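Notes follow the structure.
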Amino acid sequence: MEVSERARLFSVTRTAGELSLVCEERHVPGDAEVEGDWRAFVVSGPLAFTLTGVISSLTAPLAEAGVPVFVLSTFETDYLLVRGTDLPHAVETLRTAGYAVASEAE
């Protein structure tokens with residue numbers, strides 16, 4: 010798994026009750042409700058649709074460590090977003106759980 014702060018992630022999700030936009034803060038409309046300072050873990054992919062338990066195996070140790078996670082999935086891979094303040098703890102937690110985590114700083 011790779012930690013990326015420059016993933017250039019842009020996602021739009023519309024439901025009957027809301028419109029969610031996940032992107033760099035500079036692209037957010039001025040009147041939008043914003044939850045800022047998130048960092049993306051990019052799960053190395055592409056991942057086959059037949060795989061099961063990928064998200065749960067990654068989020069379980071984070072939940073146990075008290076790290077909130079926002080998850081997005083695309084056709085080829087998954088993204089785990091954590092608050093910037095939680096990033097060091099999330100990286101440590103995932104490494105302790107046996108995941109290879111690379112960051113741009115390394």
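Residue numbering for the sequence shown follows the numbering used here, starting at 10 and increasing by one per position. Cβ atoms here follow ideal geometry from the backbone N, Cα and C, with glycine treated the same way. These numbers come from a predicted model, not from an experiment.
Determine the DSSP secondary structure at E115, reduced to helix, strand or coil.
Its pLDDT being 41, under 50, E115 is placed unreliably by the model, and the measurement read from it follows with that caveat. If DSSP states are grouped into helix, strand and coil, E115 belongs with coil.
For L96 and S66, what's the separation of their Cα atoms in angstroms?
Their backbone Cα atoms lie some 18 Å apart in a straight line.
Going by other Cβ atoms of all chains shown within 10 Å of its Cβ, with 16 needed for buried, is V43 buried or exposed?
That one is exposed.
Suppose the cutoff is 8 Å on Cβ atoms and the five residues either side in sequence are ignored; what does the same chain contact list for T61 look like?
Correct list: empty, nothing qualifies.
A72 to V52, Cα distance in whole Å?
Distance between the alpha carbons of A72 and V52: 17 Å.
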